[in-house]
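K.L.:
The sequence shown begins at 3 in this note's numbering and counts up one residue at a time.
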Amino acid sequence: MTKQRKNKYDAIVVGAGISGILSTLALSKEGKKVLIIEKNNIIGGNCRTYENSGYHVDTGPHAITELTQGPLKQLINDYFTVVPRFFPIGNYFVRDKNKLQEFPLTLIQLAKFDILPKRERLIMSSAMIDAVASFSLNKGALDKSIYEFMKKYKPAKKTLQIIDTISYFLSGRSMKETPTWRILGGSGYINENIKGKKNHLKTLIKFTKNDYSSQGYPLGGIQSITDCAVNSIPKNNTTFNLNEETISLIVENNVIKGVRTDKDVYYSDFVIYSGFMKNLPNLTKELTEDYTKELAKLHQTKSLTIWLGLKKKLQELSYIGSEIYFSGNTPYWAIPVSNLDAHLAPKNKQLVGFSTIMKEDDQEDKINELRQTIFTAIPNIKKNIELEHIQITIPEKAAVSTGVKFPSPKSPIKNLYLVGTDTDMRSMGITRASYSVIEALKFMKEDEVI
Ligand SMILES: Cc1cc2nc3c(=O)[nH]c(=O)nc-3n(C[C@H](O)[C@H](O)[C@H](O)COP(=O)(O)OP(=O)(O)OC[C@H]3O[C@@H](n4cnc5c(N)ncnc54)[C@H](O)[C@@H]3O)c2cc1C
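Quick look at the structure:
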């Protein structure tokens, strides 16, 4: 009894990645006494920046989407007392034969995108208009894969290569597994929150005028989002337990009562779980077989990032924005982050992150392949490298792919809520994590736990 009172909280949050931290912040600002439990000895999960030989590398290259009126902005407005500052992300470029071209976002830009032959550009324009019309008329029309959708246009190999690369970067899966709506949503053409005619009109406008003005990169690196959230948490009613793993959930009569860790037992009125949903059945036997089977279908994707610290600033990387390179076997997405925030690299030097998806387990081969691709794409880079730092990470806890349903933030166990990038399909990464937190908070309000 004494123990139960000593270890009793209003809420327990499992995991101190950005979704766990945002949940903790919101709940503590709602006046709740919160315990947050993290198995590692660091806070932030995939939303971190750390120092390496004078350079400050993020856990993967990041561009934060929907900043003007999206879910992160809403959480910042509602709960942050220390606010991160964002730089405009700049433009997206495609590198081809050592030349950069703006990634085509409007039909006019697409018409001028001479990396593809004219016939292919016409095909892409027709497909885009067709897709939006289909989406407006029938919600489920774009559930089939982008490959299935494009097949009837008989696109050339190079067009398919571009579509496949974009699919991997937007969903973590190939064009054969990525639903068509994901491509349109991820490129900002359709608003995944709105369906029907309203969306149709908005999209048609975007075909003539679209940009990346709602995307940004935080001053000080991606860690500053985590730091600002942590520094906004009222200290008097929140406890951080690091280096402690939650090993099971305490559930009685289908109601959550607390958690058991590798060190202790804690009780609470409700629990927010932000680890991998796929792992949830390892923490409790109370889930139905059907629910467990659905969770098992969630795919994760591994990404490989090579950060390069360069002795001097290269002309080839002098732009503000990021680039996609899709020629060869290993396409990459790269951001020279020190162009956005000079403090991330030592004076007069440059830091750039190159990221790709790992399709197979052969890590050494993939690292070498990405290195070779970088040297082919930007030959001048090799002799200027003074730091190489490699990261292998899981960017999203579940990839949006055809035939896969994400679990809702409201779990089948009463007062257990689920947050993170495998509980909400909208947008990507930190924006998706923020959507999941907002959705979970809505359920908590409905259930009157907050
Ligand atoms: C290469 C790369 C590029 C990316 N690019 C972008 C981008 O451009 N834009 C964008 O918005 N996002 C991007 N992201 C994704 C973004 O960083 C992640 O989606 C986000 O940080 C995930 O946050 P999370 O809290 O949901 O999960 P995580 O960061 O995985 O946090 C979960 C935390 O829970 C802890 N945990 C799990 N289980 C337990 C347990 N049983 N007990 C205790 N603790 C536990 C883990 O240790 C971890 O700290 C990128 C990520 C990578 C790796």
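Each residue gets a CB set at the ideal place from its N, CA and C atoms; glycine is no exception.
Being a predicted model, the structure only gives us computed values, none of them experimental.
1. What first and last residue would you give for the beta strand (DSSP E) that runs through residue 361?
2. In whole angstroms, what is the alpha-carbon distance linking residue 245 and residue 117?
3. Ignore the nearest five residues each way along the sequence and tell me which others in residue 239's own chain have a CB closer than 6 Å to its CB.
4. Confirm the yes/no value for this check: CB of residue 236, any heavy atom of ligand 1, distance under 8 Å.
5. Is any non-hydrogen atom of ligand 1 found closer than 8 Å to the C-beta of residue 18, if you look at the structure I gave you?
6. Given this structure, state the Cα-to-Cα distance separating residue 3 from residue 93, to the nearest angstrom.
7. From what residue to what residue does the alpha helix (DSSP H) around residue 398 run?
8. Starting from residue 36, follow the beta strand (DSSP E) in both directions and report where the run begins and ends.
9. If you run the structure through DSSP and keep just helix, strand and coil, what is residue 388?
10. In the structure shown, what three-state DSSP assignment does residue 190 receive?
11. Count the other CB atoms within 10 Å of the CB of residue 381; is the residue buried (16 or more) or exposed (fewer)?
12. If you follow the alpha helix (DSSP H) that residue 151 is part of, which residue opens it and which one closes it?
13. Below 9 Å between beta carbons: does that hold for residue 395 and residue 222?
14. Verify whether the separation of the beta carbon atoms of residue 280 and residue 298 is less than 9 Å.
15. Do residue 451 and residue 13 have their CB atoms nearer than 9 Å?
16. Give the DSSP-derived three-state secondary structure of residue 273 in the structure shown.
17. Leaving out five residues before and five after residue 218 in sequence, what residues of the same chain have Cβ atoms less than 7 Å from its Cβ?
18. For residue 424, I'd like the list of residues in its chain whose CB is within less than 8 Å of its CB, leaving aside the five on either flank, ordered along the chain.
19. Can at least three beta-carbon pairs, one atom from the segment 259-276 and one from the segment 342-361, be found at a separation below 8 Å?
20. Among 276, 162, 324, 343, which has the Cα closest to the Cα of residue 435?
21. Using the rule of at least 16 other Cβ atoms within 10 Å of the residue's Cβ for burial, across every protein chain shown, is residue 341 buried or exposed?
22. Please determine whether the Cβ atom of residue 421 lies at a distance below 8 Å from any heavy atom of ligand 1.
23. Indicate the three-state DSSP secondary structure (helix, strand or coil) for residue 216 in the structure shown.
24. Should residue 308 go down as buried or exposed, given a rule of 16 or more other Cβ atoms within 10 Å for buried?
25. Between residue 383 and residue 306, which are expected to be in contact by the criterion C-beta below 8 Å, what is the C-beta distance as a whole number of angstroms?
26. From residue 190 to residue 255, what does the alpha carbon distance come to, in whole angstroms?
27. Would you kindly check if the distance between the Cβ of residue 59 and the Cβ of residue 345 is under 9 Å?
28. Cutting at 7 Å between CB atoms, please list the residues of its own chain near residue 265, excluding the five before and the five after it.
29. Look at the alpha carbon of residue 374 and the alpha carbon of residue 418, and state the distance between them as a whole number of angstroms.
30. Nearest to residue 243 by alpha carbon, out of 283, 446, 41, 126?
31. If you measure from the CB of residue 65, is any heavy atom of ligand 1 nearer than 8 Å?
32. With 16 as the cutoff for other CB atoms within 10 Å, does residue 23 come out buried or exposed?
33. Less than 8 Å between the CB atoms is what I'm expecting for residue 109 and residue 180, so what's the real figure, rounded?
34. Distance cutoff 9 Å, beta carbons only. Does residue 36 sit that close to anything in chain D?
35. Cα separation between residue 325 and residue 302?
P.N.:
Reading it off the structure:
1. Numbered from its first residue, the sequence shown carries residue 361 at position 359. Bounds of any beta strand (DSSP E) do not take in residue 361, whose DSSP letter is neither H nor E.
2. Within the sequence shown, residue 245 is the residue found at index 243, counting from 1. Within the sequence shown, residue 117 is the residue found at index 115, counting from 1. Roughly 50 Å between the two C-alpha positions.
3. Translated into positions along the sequence shown, residue 239 becomes position 237. Counting only Cβ-Cβ distances below 6 Å, and skipping sequence neighbours, we find 30, 35.
4. The sequence position of residue 236 within the sequence shown is 234, counting from 1. For ligand 1, not one heavy atom lies less than 8 Å from the Cβ of residue 236.
5. Within the sequence shown, residue 18 is the residue found at index 16, counting from 1. Residue side-chain check: residue 18 places its Cβ nearer than 8 Å to a non-hydrogen atom of ligand 1.
6. Counting from one through the sequence shown, the residue named residue 3 turns up at place 1. Counting from one through the sequence shown, the residue named residue 93 turns up at place 91. In this prediction, residue 3 scores a pLDDT of 45, lower than 50, which makes its location untrustworthy; the coordinate-derived value is nonetheless stated afterwards. The C-alpha of residue 3 lies about 59 Å from the C-alpha of residue 93.
7. The residue given as residue 398 occupies position 396 in the sequence shown. According to the DSSP assignment, residue 398 belongs to no alpha helix (DSSP H), since it is labelled neither H nor E.
8. Working through the sequence shown from its first residue, we reach residue 36 at position 34. Annotation for residue 36: the continuous beta strand (DSSP E) segment containing it runs 36-39.
9. Mapped onto the sequence shown, residue 388 falls at position 386. Residue 388: strand per DSSP, three-state reduction.
10. As a working mapping, residue 190 is identified with position 188 in the sequence shown. Looking at residue 190 - three-state DSSP - the assignment turns out to be coil, as it is neither helix nor strand.
11. Taking the first residue of the sequence shown as 1, we reach residue 381 at position 379. Under this definition residue 381 is an exposed residue.
12. Start at 1 with the first residue of the sequence shown, and residue 151 comes out as number 149. In the DSSP assignment, residue 151 falls within the unbroken alpha helix (DSSP H) covering 148-153.
13. As a first step, residue 395 must be located in the sequence shown, where it is residue number 393. As a first step, residue 222 must be located in the sequence shown, where it is residue number 220. No.
14. By 1-based counting over the sequence shown, the position of residue 280 is 278. By 1-based counting over the sequence shown, the position of residue 298 is 296. Yes; because the gap between Cβ atoms is below 9 Å, this pair is in contact.
15. As a first step, residue 451 is located in the sequence shown; it is residue number 449 there, counting from the start. As a first step, residue 13 is located in the sequence shown; it is residue number 11 there, counting from the start. Taking 9 Å as the Cβ cut-off, residue 451 and residue 13 qualify as a contacting pair.
16. Your numbering for residue 273 matches position 271 in the sequence shown. Strand at residue 273.
17. Taking the first residue of the sequence shown as position 1, residue 218 is located at position 216. For residue 218, same chain residues with a beta-carbon under 7 Å away, outside a window of 5 residues either side, are 66, 69, 88, 89, 90, 91 in chain order.
18. In the sequence shown, counting from the first residue as 1, residue 424 sits at position 422. Once the five neighbours on either side are set aside, the close Cβ partners of residue 424 are 278, 279, 280, 300, 398, 399, 400, 408, 409.
19. Contact between the segment 259-276 and the segment 342-361 is absent, because fewer than three Cβ pairs lie under 8 Å.
20. Residue 435 sits at position 433 when you count from the first residue of the sequence shown. Answer by Cα proximity: 276.
21. Start at 1 with the first residue of the sequence shown, and residue 341 comes out as number 339. Under this definition residue 341 is a buried residue.
22. By one-based count along the sequence shown, residue 421 stands at place 419. Yes, ligand 1 has a heavy atom inside 8 Å of this Cβ.
23. Within the sequence shown, residue 216 is the residue found at index 214, counting from 1. Coil.
24. Numbered from 1 along the sequence shown, position 306 holds the residue referred to as residue 308. Flag for residue 308 reads buried.
25. The residue you call residue 383 lines up with position 381 of the sequence shown. The residue you call residue 306 lines up with position 304 of the sequence shown. Wrong, their Cβ atoms sit about 17 Å apart, outside the cutoff.
26. Taking the sequence shown and counting its residues from 1, one reaches residue 190 at position 188. Taking the sequence shown and counting its residues from 1, one reaches residue 255 at position 253. One C-alpha to the other measures close to 44 Å.
27. As a position in the sequence shown, residue 345 is number 343, starting the count at 1. As a position in the sequence shown, residue 59 is number 57, starting the count at 1. No, Cβ-Cβ distance for residue 345 and residue 59 is not below 9 Å.
28. Locating residue 265 in the sequence shown gives position 263, counting from the first residue. Counting only residues of its own chain and dropping the five nearest sequence neighbours on each side, residue 265 has a CB closer than 7 Å to the CB of 246.
29. Locating residue 374 in the sequence shown gives position 372, where the first residue counts as 1. Locating residue 418 in the sequence shown gives position 416, where the first residue counts as 1. If you draw a straight line from the Cα of residue 374 to the Cα of residue 418, it is about 47 Å long.
30. Here residue 243 refers to the residue found at position 241 when the sequence shown is read from its first residue. Ranking the options by Cα distance to residue 243, first place goes to 41.
31. If you number the sequence shown from 1, residue 65 lands on position 63. Yes, Cβ of residue 65 sits closer than 8 Å to a heavy atom of ligand 1.
32. For the purposes of this step, residue 23 is taken as the residue at position 21 of the sequence shown. Buried.
33. As a position in the sequence shown, residue 109 is number 107, starting the count at 1. As a position in the sequence shown, residue 180 is number 178, starting the count at 1. 22 Å between Cβ atoms; not a contact.
34. Of the protein chains in this structure there is only one, and it is not chain D.
35. The sequence position of residue 325 within the sequence shown is 323, counting from 1. The sequence position of residue 302 within the sequence shown is 300, counting from 1. Approximately 24 Å between the Cα atoms of the pair.
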